[in-house]
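A quick write-up on the structure given underneath.
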Amino acid sequence: MDDKKNILIVEDEFIIAMLIEKQVSRLGYQVVDKVTTGDLAIKVVQEKPCDLILMDIKIIGDLDGIETMTEIRKFSQVPVIYITGNSDPLTRQKAFETNPSGYIIKPIEMEILKTSINNALGI
């Protein structure tokens, strides 16, 4: 892959963020940043080129992942894949209102992550 795609990871659990970063790098993508809050995610999307966001739904700070994407959608249509331990129907419904490219339930399987990222990026 010559033109590395930039992926933003939004995850407040350090070990999970590191595991996701390792998997994303193994797939040949570049992690543009790893952040723990919605406010930081919004700032990164405004300031750096992002081709995809991997977003946990339950993150620290004032905004959860869904609220963060609602704010980002006001100025960007960057694709998002939610990666979450939460699979209840109401959360899924709220998440899908932000038009995500994917919704992965933890624990993350490498093949599902790879397929979801490639689909979101049109590869």
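Every letter in the sequence shown is one number past the one before it in the numbering used here, and letter 117, counting from 1, is 107. Here a beta-carbon is modelled for each residue, glycine too, at the ideal position from N, C-alpha and C.
Terminal residues of the continuous beta strand (DSSP E) containing Leu42? 42 to 45 is the span of the beta strand (DSSP E), which, as asked, contains Leu42.
Which word fits Gly112, buried or exposed, when buried means at least 16 other C-beta atoms lie within 10 angstroms of its C-beta? Classification for Gly112: exposed.
In chain order, what residues of the same chain have a beta carbon less than 7 Å from the beta carbon of Ile32, not counting five sequence neighbours either side? The answer, listed in chain order, is Thr58, Glu61, Ile62.
Specify the secondary structure class of Leu53 as computed by DSSP and reduced to three states. Correct three-state label for Leu53: coil.
Please determine, among Pro39, Lys38, Lys48, the residue with the shortest C-alpha to C-alpha distance to Glu3. For Glu3, the nearest C-alpha among the options comes from Lys48.
Could you name the residues that DSSP lists as bridge partners for Lys178? Nothing about residue 178 can be read from this structure; the chain reaches only from -9 to 113.
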